[in-house]
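Trainee: Got a structure here, written out as structure tokens. Questions coming.
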Amino acid sequence: MVKHNKRRRVTILNLDHSKLDINLMEEIALIIEEEIRRQLDKRIPLGRSYDADIIVSVENKGGEIEISLDIGVLGALDDVIDYDAIVQGVIKEVSSFIEELLRKRVGRNSQ
């Protein structure tokens, strides 16, 4: 099982936090989880030769939106596939995806 320590990356996007209600946060979390699965499927050979535990949480903490990712991958081919490197690549790719998703779904603060 590949587990990653939480690392914090802060990006200022100047979003309109007033639009971020519980329903939108749940929708964003689901979209992010789907993108993580899509990226894993794309990067791991032999399609679905792994099992993934993915937890995405989205929180509105006052003036900040905090998104946490916990990705665990278990695969039978760990002697030939570097799952850790794959997960790291997915996290990088998904980070850009999350920024764009937030800009589209939440929108910029007009102030």
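0 is the number of the first residue of the sequence shown in numbering that gives the first Met the number 0; add one for each residue after it. Note that the Cβ used here is the ideal one computed from N, Cα and C, for glycine as well. In this text, all values refer to a predicted model and were calculated from it rather than measured experimentally.
How would you write the range of the alpha helix (DSSP H) that A28 sits in, first residue to last?
Mentor: 21-42
Trainee: With a Cβ-Cβ cutoff of 9 Å, do A84 and G71 count as a contact?
Mentor: no
Trainee: Under a three-way DSSP split, which group does D50 fall into?
Mentor: Of the three classes helix, strand and coil, the one that applies to D50 here is strand, per DSSP.
Trainee: Pick out whichever of P44, G106, E34, I31 has its Cα sitting closest to the Cα of G74.
Mentor: P44
Trainee: Label S94 either buried or exposed according to how many other C-beta atoms from any shown protein chain fall within 10 Å of its C-beta, with 16 as the threshold for buried.
Mentor: exposed
Trainee: Is the beta carbon of Q38 less than 9 Å from the beta carbon of E99?
Mentor: no
Trainee: Using CA atoms only, rank isn't needed, just tell me which of I27, N22, I21 is closest to L68.
Mentor: I27
Trainee: Would you list the residues sitting across from K60 in a DSSP beta bridge?
Mentor: E63
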